[in-house]
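J.: If you want my numbering, it's the position in the sequence shown, counting the first as 1, plus 24. Each residue gets a CB set at the ideal place from its N, CA and C atoms; glycine is no exception. Let me begin by handing over the structure; questions about it come next.
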Amino acid sequence: MVAVPSRVQSDPRSDLVEIDRVSIAFPRSRGRGTVVAVQDVSVSIRRGEKFVILGPSGCGKSTLLTAIGGFIPVTSGEIRVHGKPVKAPTMNRVLVFQDFGQLLPWRTVLGNIEWAVARRWPRYSSAECKARSMQYVELVGLGPQAEQYPNTLSGGQKQRCAIARAFAVEPEILLMDEPFGALDAINRERMQFELNRVWAAESERVTIAFVTHDVNEAVHLGHRVMVMSRGPGRLRALVDNPSVGRPPHDGAALKLVDELRELLKDPS
Ligand SMILES: Nc1ncnc2c1ncn2[C@@H]1O[C@H](COP(=O)(O)OP(=O)(O)OP(=O)(O)O)[C@@H](O)[C@H]1O
Ligand SMILES: [Mg+2]
């Protein structure tokens, strides 16, 4: 277990995202002060790692993730990517949500991915878009469903489509907010394997920040796990995970699951 640093300890050789003393507050309704969602968080995300943000409901996970994406501003402190302050969303940072509303219902699986690829590379010919998109459809095992529309897919298939689309535009950072939250346990585990596999197939170039409140998922996916507490929105611990990607029944993984459960139980 690693102690929480009170200040950001950045290393420009390996750090891609620096979260530097960040606080984020929202105004309460009818002008009754503010809600602090994230408080004085300092941590860095390394290039090419899968970084998990774990914590109970309402502890500020989504708020922090959307701020990394540049979708909401920080109230104080700074988030930097490549050393430059994040000010707005860019195509380099793709956000994948829990619900599947992000797929275009009037486009097929292949069409959804082609749409994103064409926006990312407007100079591609339609044949180039299609070829690139098909590669990602195959990568997530949706070849047989390529011409189906989202409403004819299972939850897991929709999620694989969303993941294929996210990877196809080659983001530098993939921000995933409880993307498997709506799936049953078997599909959820399958998708975790799938994500590990696609990330490895992409030569581990993509940096993933993944939000979850599921301890097993955190241990299966994250090279490092940042635990947030509800106290409010604070960084509770930062944990290295040597058993990332190993079967969830691995002894070291189970031990870490227990440690993380204890940390989540204790709100201090
Ligand atoms: N737009 C907003 N306006 C006001 N308060 C907000 C807003 N967004 C989030 N909050 C508040 O900030 C806190 C953190 O919310 P956030 O959605 O980041 O939590 P979370 O950890 O993602 O929770 P969950 O696991 O339930 O998704 C909560 O108290 C929430 O009510
Ligand atoms: Mg959330």
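Give me, in chain order, the residues of the same chain whose beta-carbon lies closer than 7 Å to that of E226; leave out the 5 immediate sequence neighbours on both sides.
T.: So the qualifying residues of the chain are F191.
J.: Anyone know if the C-beta pair for D238 and L89 falls short of 8 Å?
T.: No. Outside cutoff.
J.: To test your reading of the DSSP string, which unbroken alpha helix (DSSP H) runs of 4 or more residues are found completely within the stretch 237-281?
T.: List check, alpha helix (DSSP H) in window: 239-245.
J.: Assign I210 to one of two classes, buried (16 or more other C-beta atoms within 10 Å of its C-beta) or exposed (fewer than that).
T.: Per the 10 Å Cβ criterion, exposed.
J.: Taking Cβ to Cβ, would you say V133 is nearer than 8 Å to Q172?
T.: Contact: yes.
J.: By the DSSP assignment, the beta strand (DSSP E) with T58 in it spans what residues?
T.: Residues 58-70.
J.: Specify whether the stretch 251-261 and the stretch 80-88 touch according to this definition: at least 3 beta carbon pairs, one from each stretch, less than 8 Å apart.
T.: Touching, yes, given that three or more Cβ pairs across the two stretches are closer than 8 Å.
J.: What is the rounded straight-line gap between the Cα of W130 and the Cα of A242?
T.: In a straight line, the C-alpha of W130 is about 34 Å away from that of A242.
J.: Assuming R144 is part of the beta strand (DSSP E), what are its boundary residues?
T.: It is not in any beta strand (DSSP E) - R144 instead sits in the alpha helix (DSSP H) that spans 133-144.
J.: Could you give the residue range of the beta strand (DSSP E) that holds F217?
T.: Segment 209-225 is the alpha helix (DSSP H) holding F217; no beta strand (DSSP E) there.
J.: Is the beta carbon of N136 closer than 8 Å to that of R189?
T.: In this structure, N136 lies closer than 8 Å to R189 by Cβ.
J.: Leaving out the 5 sequence neighbours to the left and right, which residues in its chain are closer than 7 Å to R285 when beta-carbon positions are compared?
T.: The residues are V239.
J.: Mind checking A27: buried by the 16 CB within 10 Å criterion, or exposed?
T.: With a pLDDT of 47 at A27, under the threshold of 50, the modelled position of this residue cannot be trusted; read the value that follows with caution. With fewer than 16 other Cβ atoms within 10 Å, it is exposed.
J.: Does any heavy atom of ligand 1 sit closer than 7 Å to the C-beta of F95?
T.: Incorrect: F95 has no Cβ contact closer than 7 Å to ligand 1.
J.: If we count Cβ pairs, one from each stretch, closer than 8 Å, do we get three or more for the stretch 94-109 versus the stretch 137-150?
T.: No, they do not touch.
J.: Using three-state DSSP, classify K85 as helix, strand or coil.
T.: Correct three-state label for K85: helix.
J.: For E228, which residues of its own chain have a beta-carbon under 7 Å away from its beta-carbon, when the five flanking residues on both sides are left out?
T.: The answer, listed in chain order, is G72.
J.: For I48, write down the residues that DSSP places opposite it in a beta bridge.
T.: Answer by DSSP bridge pairing, in chain order: V62.
J.: Does chain B have any CB closer than 8 Å to the CB of L245?
T.: Going by chain labels, chain B is absent from the structure shown, which holds only one protein chain.
J.: Does DSSP put F191 in a helix, in a strand, or in coil?
T.: Helix, per DSSP.
J.: Restricting to Cα atoms, I'd like to know which of I103, L128, G179, I92 is closest to M115.
T.: The shortest Cα separation from M115 among I103, L128, G179, I92 belongs to I92.
J.: If you reduce the DSSP assignment to three classes, tell me which class K111 lands in.
T.: In the structure shown, K111 sits in coil (DSSP, three-state: anything other than H, G, I, E or B).
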